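See below for the structure under consideration.
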Amino acid sequence: MLAVDTGVVEEWLSEFKTLPEASISSYATSLKDKTALISSLYKVIQEPQSELLEPVCHQLFEFYRSGEEQLLRFTLQFLPELMWCYLAVSASRDLQSSGCIEALLLGVYNLEIVDKEGHSKVLSFTIPSLSKPSVYHEPSSIGSMALTEGALSQHGLSRVVYSGPHPQREMLTAQNRFEVLTFLLLCYNAALSYMPPMSLQSLCQICSRICVCGYPRQQVRKYKGVNSRIPVSSEFMVQMLTGIYYAFYNGEWDLARKAMDDVLYRAQLELYPEPLLVANAIKASLPQGAMKSSKEGARCIQVEITPTSSRISRNAVTSMSIRGHRWKRHEQPESGNDATELGNFIIPEISVTSVAGERTGNGEKSRALAENDVQHLQGVQETATDPRADSKGMPEIRRQKSVRKMMEDGINSSGRVQF
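Residues in the sequence shown are numbered consecutively from 13, following our numbering.
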């Protein structure tokens, strides 16, 4: 550690002790812009044998319990690096050099599990229903969902998952270590949108190191310092993936991609179903090309949002409208429809008895078979126009021959007229 970094950290330690109460808010706002100080603090945390490590941990804990939101977030940004240092020291069984880091982690944990009145917190998480649209999915993109009795009974019901109450811890042991670290990483993920790029880089790097240390992939990654395997829990790996997923779309594509591959590699070795499911889902949803770095602001994931206005038109065809249309059609008189349709087709008046002169050989038979049909057609022809008005001046015999030909063509073997 350079003397310049030591001087910056020592100045920061003495500055806060002499700060008046009225200036704490403005001081907390200016801390996020001190990149030299943040970089020096990372170097102090990465050296467990540093003399500045204990006062730095004490100062960070004072920031966290001060109640100032900006100071609390300033401490949270170092949480991934503090976890890695504690796990690395625990793997090497040198617990004496990690006492101050363990005290800081326990202090943050015990402050987060209780509210302002000192009562235990119970966190609740609502799982969205797949039948209703959200910022993550559209029901239409999932496909057809069978409307079974069980599905209808669950429609509209929201499932709530509770976490807590969590017991207070006085020390970290092999049994409760990842229970505490998982809850701390959950608190870190709750403030991901406020974390600077350096903190996201640290998160991706420590996720890779935790997952590959002691395995053959460590030689590929060229990680040095810790060669023994670090045990992890399934819940802790899921929380790691949550932070990695955020880093993908906020300027850390390369580091996040490497970290996700290492987490998936470790999940396959451990046969953990939850990390495997989350990691594969993240991998399948990633775009084909790398996202460009954006240090100015957070990137957004483009999704289709269901509009507030109804998509169903007022004139949409529904089962009720079809039923009403069918009833209306049945209520109309049938005779009116027939008269309208026959009005367009002129049926000539048939008269074979009023013609004097020649008669065909089978004229008597045709006249006898068609008398009833002719009378029926003349009864229907109430609204038809009189064709005699159009045929004035024409010889009677020509009209008789055309009518007779039409009748002979329309009579079938049963003696009925076909149209």
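Backbone N, C-alpha and C fix where the C-beta goes; we use that ideal spot for every residue, glycine too.
For clarity, every value in this text was computed on a predicted model and none was experimentally measured.
Can you tell me where the beta strand (DSSP E) with residue i in it begins and where it stops?
i: residue 135; result: 135-139
i: residue 174; result: 171-175
Within 10 angstroms of the Cβ of residue i, are there 16 or more other Cβ atoms? Answer buried if so, exposed if not.
i: residue 84; result: buried
i: residue 16; result: exposed
i: residue 188; result: exposed
i: residue 125; result: buried
i: residue 239; result: exposed
i: residue 222; result: buried
i: residue 182; result: exposed
i: residue 263; result: buried
i: residue 212; result: buried
i: residue 274; result: buried
i: residue 91; result: buried
i: residue 230; result: buried
i: residue 30; result: exposed
i: residue 297; result: exposed
So that I know if they touch, is there some Cβ in chain C lying closer than 9 angstroms to that of residue i?
i: residue 287; result: This model lacks chain C altogether; it includes just one protein chain.
Compute the distance between the beta-carbons of residue i and residue j, then report whether it is under 9 angstroms.
i: residue 277; j: residue 201; result: no
i: residue 20; j: residue 52; result: yes
i: residue 246; j: residue 287; result: yes
i: residue 4; j: residue 293; result: No answer is possible for residue 4: it lies beyond the span of the chain, which begins at 13 and ends at 431.
i: residue 66; j: residue 112; result: yes
i: residue 43; j: residue 56; result: no
i: residue 80; j: residue 37; result: yes
i: residue 196; j: residue 252; result: no
i: residue 192; j: residue 138; result: no
i: residue 95; j: residue 256; result: no
i: residue 285; j: residue 50; result: no
i: residue 82; j: residue 28; result: no
i: residue 290; j: residue 250; result: yes
i: residue 76; j: residue 120; result: yes
i: residue 116; j: residue 184; result: no
i: residue 210; j: residue 47; result: yes
i: residue 110; j: residue 145; result: no
i: residue 241; j: residue 103; result: yes
i: residue 54; j: residue 22; result: no
i: residue 86; j: residue 34; result: no
Taking residue i as the reference, give the member of the options with the closest Cα.
i: residue 243; options: 100, 38, 134 and 136; result: 100
i: residue 132; options: 176, 102 and 287; result: 176
i: residue 199; options: 89, 31 and 72; result: 89
i: residue 97; options: 295, 237, 291 and 296; result: 237
i: residue 205; options: 261, 281, 129 and 114; result: 261
i: residue 190; options: 114, 129 and 130; result: 114
i: residue 227; options: 279, 180, 92 and 78; result: 279
i: residue 179; options: 224, 87, 58 and 122; result: 122
i: residue 214; options: 267, 281, 235 and 141; result: 267
i: residue 282; options: 248, 265, 296 and 254; result: 248
i: residue 171; options: 136, 299 and 69; result: 136
i: residue 69; options: 24, 295, 224 and 130; result: 24
i: residue 128; options: 78, 297, 298 and 235; result: 78
i: residue 254; options: 58, 203, 235 and 225; result: 203
i: residue 265; options: 300, 224 and 235; result: 300
i: residue 105; options: 186, 235 and 141; result: 186
Assuming residue i is part of the alpha helix (DSSP H), what are its boundary residues?
i: residue 119; result: 111-124
i: residue 73; result: 65-76
i: residue 9; result: Because the chain spans 13 through 431 in this model, residue 9 falls outside it and cannot be assessed.
i: residue 300; result: Looking at the DSSP string, residue 300 is not in any alpha helix (DSSP H), and its letter there is neither H nor E.
i: residue 97; result: 91-103
i: residue 51; result: 47-57
i: residue 229; result: 229-233
i: residue 36; result: 36-43
i: residue 82; result: 81-88
i: residue 17; result: 15-29
Is the beta carbon of residue i within less than 8 angstroms of some heavy atom of the ligand GTP?
i: residue 173; result: In the structure on display, the ligand GTP does not appear, and there are no ligands present to speak of.
(Q) Runs of 4 residues minimum, wholly inside the region 244-274: which ones carry the alpha helix (DSSP H) assignment? (A) 246-260
Whole runs of the alpha helix (DSSP H) within the region 186-221, excluding any shorter than 4 residues: The region 186-221 contains these whole alpha helix (DSSP H) runs: 189-202.
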